[in-house]
Amino acid sequence: MLTYERIYAVVRQIPRGQVATYGQVAELAGLVGKPRLVGYALYRVDMTSDVPWHRVINAKGEISQSPLRYGNDYRQRSLLEDEGIAFDQGGRLDLGQYRWRPPDTVIEQALAVLRETLDEEP
DNA sequence: CAGATGACAAGAT
DNA sequence: AATCTTGCCATCT
474 MLTYERIYAV
484 VRQIPRGQVA
494 TYGQVAELAG
504 LVGKPRLVGY
514 ALYRVDMTSD
524 VPWHRVINAK
534 GEISQSPLRY
544 GNDYRQRSLL
554 EDEGIAFDQG
564 GRLDLGQYRW
574 RPPDTVIEQA
584 LAVLRETLDE
594 EP
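Using our numbering, read the first sequence as starting at 474 and increasing by one per residue.
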């Protein structure tokens with residue numbers, strides 16, 4: 474519960490018109506090297522919540538597909554296009570152009586979480 | 001309590 | 001360039 478809440482807290486900070494990768498969100502949530510957890514967390518997110526789940530994509534600049542999403546992957550692309558993001562014919566966007574550069578305040582929060590988790594482990 | 005379940009990423013082939 | 005390993009773990013039943 475706490476872990477997923479941290480992930481959602483990071484995703485909520487991604488501004489409109491920009492995107493972050495799963496790995497990037499993981500790092501900012503204090504889960505370095507565990508990008509899959511972000512995918513697991515987003516699978517369970519409530520689409521009507523205030524979490525902008527559509528702004529998280531994979532490291533290749535693509536929307537991660539899954540048959541179990543029943544069309545929400547297509548909806549994700551549509552939402553991003555509404556925010557002014559363009560896709561090429563391969564279904565990819567330009568990470569160099571749209572990737573979110575987190576402000577120092579967000580990085581500070583991430584470091585605080587890291588110190589916290591270091592205290593827990595012996 | 002044990003097993004199943006999921007939106008990833010980097011490296012090797 | 002495309003496909004195949006491997007590491008990763010909180011939730012749900």
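C-beta: ideal position from N, C-alpha, C; glycine also.
Where the alpha helix (DSSP H) through residue i begins and ends
{"i": "Asn-545", "result": "545–555"}
{"i": "Ile-480", "result": "475–484"}
{"i": "Glu-535", "result": "Glu-535 -> no alpha helix (DSSP H), and no H or E assigned at all."}
{"i": "Pro-508", "result": "508–516"}
{"i": "Val-498", "result": "495–501"}
{"i": "Leu-568", "result": "568–571"}
Expected contact under 8 angstroms - CB spacing of residue i and residue j to nearest Å
{"i": "Leu-510", "j": "Leu-501", "result": "Actually they do not touch by this definition, with Cβ atoms about 12 angstroms apart."}
{"i": "Glu-556", "j": "Arg-489", "result": "5 angstroms"}
{"i": "Ile-596", "j": "Arg-542", "result": "Past the edges of the chain, shown from 474 to 595, lies residue 596, and the structure says nothing about it."}
Exposure of residue i, with buried meaning 16 or more beta-carbon neighbours within 10 Å
{"i": "Ala-559", "result": "exposed"}
{"i": "Gln-549", "result": "buried"}
{"i": "Ile-580", "result": "exposed"}
{"i": "Ala-514", "result": "buried"}
{"i": "Tyr-571", "result": "buried"}
{"i": "Ala-585", "result": "exposed"}
{"i": "Arg-517", "result": "exposed"}
{"i": "Leu-566", "result": "buried"}
{"i": "Pro-575", "result": "buried"}
{"i": "Leu-591", "result": "exposed"}
{"i": "Thr-553", "result": "Strictly speaking, residue 553 in this sequence is Leu, with Thr absent from that position. Under this definition Leu-553 is a buried residue."}
I want to know whether the segment 486–494 touches the segment 525–533 - three or more CB-CB distances under 8 angstroms. yes
Taking 8 angstroms as the threshold, find out whether the segment 479–493 comes into contact with the segment 505–524 through three or more Cβ pairs. yes
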